[in-house]
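The structure under discussion appears below in the form of structure tokens.
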């Protein structure tokens, strides 16, 4: 990345912005925002001059780092959707025939960028109800191109050496995006959506059998809850009972969860789902304690999550079913306060 940054001022600027943000002082915060603005301004000019933007490694790296910086901010994510859309478009336009460095380096570089795009695009959908960058690339981006050679045939589950950003199969993140997208539906599912629900539920059951790792199991429980929200057959009263049972299972996993061994946004995703439907004070305290542990890392997404859950938890009390339904509705559909939080 640094090699590219030396010849691409927008990339160098956003790398400086990310580094300066971690210094946690007003002076460096100011430098971070100035560098970010410089990167945005000069990126537009570079795109306008690019003869083949899809194969410009520096452009792709710049959009990836812009997404990283947006997620560090605690104030807003106004441009995240724009940056993710640009990253997806550039990945879709990549051409094997034209490279700027040797083939092996390009493969590693491109896969890291693809991992970052998938990581941000899938997990951030929950925190930004208007975000769905993957919908624009779902049928045009060849995911197997980036991931087919990234893990040995003897490994069922990737690791940080083969996929350092995702640390999980790439199609798990596509599943997260698909579940989030379907859970946003506020009416009874139509025939096509019912088939989608069945396929997503089948994929989820398949994933549950591949690993017993706590962090992944927590994601499986969270996705189970979101699929229950739009269950096409089960009556709502029974859905609520199933949601309570899944929440209890998720809470049991939470007690033993090590928050320091996983990527921050990866953990915040299931914590936000569980926290949004948590009604009793004990479960809320447990979720809050885990998020507070993550808050030791300076990251805007933690702050926004805390504000989001505080908004839900401060709403007027009611019966358990009503509060659970309300939490699910706000979780996937947002609210005026919720949108301000993200």
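Numbering (mature numbering (1 follows the signal peptide of the UniProt record, and there is no 0)), first residue to last: -20 to -1, 1 to 322. Ideal Cβ positions, reconstructed from N, Cα and C, are used throughout, including at glycine. Since the model is a prediction, treat every value here as computed from it, not as a measurement.
Thinking C-alpha only, which one of the options is nearest residue i?
i, options, result
"residue 238", "126, 310, 216, 267", "267"
"residue 211", "62, 197, 174", "174"
"residue 30", "274, 197, 70, 252", "70"
"residue 255", "167, -16, 204, 304", "304"
"residue 8", "19, 192, -5, 18", "-5"
"residue 306", "220, 232, 246", "220"
"residue 279", "111, -10, 3", "3"
"residue 109", "160, 261, 73, 170", "160"
Output yes if chain D places a C-beta closer than 9 Å to the C-beta of residue i; else output no.
i, result
"residue -3", "In the structure shown, chain D cannot be found, because there is only a single protein chain."
Residue i lies in the alpha helix (DSSP H); which residues open and close that run?
i, result
"residue 1", "-12 to 1"
"residue 7", "6 to 29"
"residue 63", "60 to 72"
"residue 49", "37 to 52"
"residue 280", "280 to 293"
"residue 107", "Here residue 107 belongs to no alpha helix (DSSP H), and DSSP marks it neither H nor E."
"residue 114", "No alpha helix (DSSP H) holds residue 114; DSSP gives it neither H nor E."
Distance check for residue j and residue i, CA to CA, integer angstroms please.
i, j, result
"residue 26", "residue 223", "50 Å"
"residue 310", "residue 249", "15 Å"
"residue 187", "residue 312", "22 Å"
"residue -7", "residue -1", "10 Å"
"residue 281", "residue 54", "6 Å"
"residue 113", "residue 49", "17 Å"
"residue 12", "residue 95", "24 Å"
"residue 24", "residue 61", "16 Å"
"residue 264", "residue 120", "41 Å"
"residue 89", "residue 193", "28 Å"
"residue 200", "residue 21", "41 Å"
"residue -10", "residue -16", "5 Å"
"residue 168", "residue 47", "34 Å"
What distance in whole Å lies between the Cβ atoms of residue j and residue i, which are believed to be in contact at a cut-off of 8 Å?
i, j, result
"residue 93", "residue 41", "7 Å"
"residue 150", "residue 123", "6 Å"
"residue 230", "residue 202", "7 Å"
"residue 52", "residue -14", "Wrong, their Cβ atoms sit about 25 Å apart, outside the cutoff."
"residue 39", "residue 99", "Not a contact, Cβ separation roughly 19 Å."
"residue 208", "residue 257", "Actually they do not touch by this definition, with Cβ atoms about 10 Å apart."
Which full runs of the alpha helix (DSSP H) of 4+ residues lie inside the segment 146 to 175, going along the chain? 150 to 163
Give, in chain order, every unbroken run of the alpha helix (DSSP H) that is at least 4 residues long and sits entirely within the segment 202 to 265. 216 to 236, 244 to 257
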